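The numbers in my numbering rise by one with no breaks, and the one at position 69 of the sequence shown is 98. Cβ atoms here follow ideal geometry from the backbone N, Cα and C, with glycine treated the same way. If you're wondering where the values come from, they're calculated on a predicted model, not measured in any experiment.
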Amino acid sequence: MKSVPANDTDEDGGTRLRVLSHEEIAERSFLSLCLGNPGEARRYLQLMTDAHFTTEPARASFNWVKDRVELKKPGSEVDTSRLPMDHAARELLPELIIRSQTESAAPEALPEYYFRLCESELSRRISAVKSTIADAGDGDAGLRELYHLEARRRDILKVIQEGTYENA
């Protein structure tokens, strides 16, 4: 995956470029694939929440894409003619819409992106639980949750490594 520059605002109100993280690249690729392949994307979008995304523009865009895919009638395209008023979503959606219409990505990539986003979200939750355990000394309950999250993360990593998305 290629790191794509993104606009960001500096302290003086000017615009500067920043390099996207691997997570942000995966999130954008997943969402543009969802717009381009709404039938296949519906099941993955229904399993996700905005916690799977790392930035406010990606979270807002996820919610917009999910709504559009759910409203899509069979045999029609996703209606991308009306962008939301939400500034965060408007920051990213034009890129996603253009990518969905111009990039030739196979819908077979959707499950891999889905599982990669799930693994990233679990990793963030694991870090938060570890932090809570360290800060508050949250004993047994925190350790049980940590064990459960780590086991789920290992399962997802195995699925990604083996490429056995259909059975997961």
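Buried or exposed: residue i, going by 16 or more other Cβ atoms within 10 Å of its Cβ?
i: R47; result: exposed
i: P123; result: exposed
i: L139; result: buried
i: E95; result: This sequence places Lys at residue 95; Glu is not what is there. So K95 ends up on the buried side.
i: A163; result: exposed
i: E56; result: buried
How long is the line joining the alpha carbons of residue i and residue j, rounded to whole angstroms?
i: T161; j: R182; result: 19 Å
i: Y73; j: L62; result: 11 Å
i: L100; j: S90; result: 15 Å
i: S58; j: E179; result: 26 Å
i: S110; j: E148; result: 32 Å
i: R145; j: R153; result: 12 Å
i: H81; j: Y176; result: 20 Å
i: V98; j: E53; result: 21 Å
Just to confirm, are residue i and residue j a CB contact at a threshold of 9 Å?
i: L49; j: L125; result: no
i: N92; j: A70; result: no
i: P76; j: Y143; result: The question names Pro, but residue 76 is Leu in the sequence shown. A contact, by the Cβ cut-off of 9 Å.
Does the contact criterion of 3 or more C-beta pairs under 8 Å hold for the region 147-159 versus the region 84-93? No, the region 147-159 does not touch the region 84-93.
Quick check: the region 160-177 against the region 189-196, are at least 3 beta-carbon pairs closer than 8 Å? Flag = no, the region 189-196 and the region 160-177 do not touch.
For the region 125-135 and the region 64-73, state whether three or more C-beta atom pairs, one from each stretch, are separated by less than 8 Å. Touching, yes, given that three or more Cβ pairs across the two stretches are closer than 8 Å.
Ordered list of alpha helix (DSSP H) runs contained in the region 92-147, each at least 4 residues: Correct list: 116-131.
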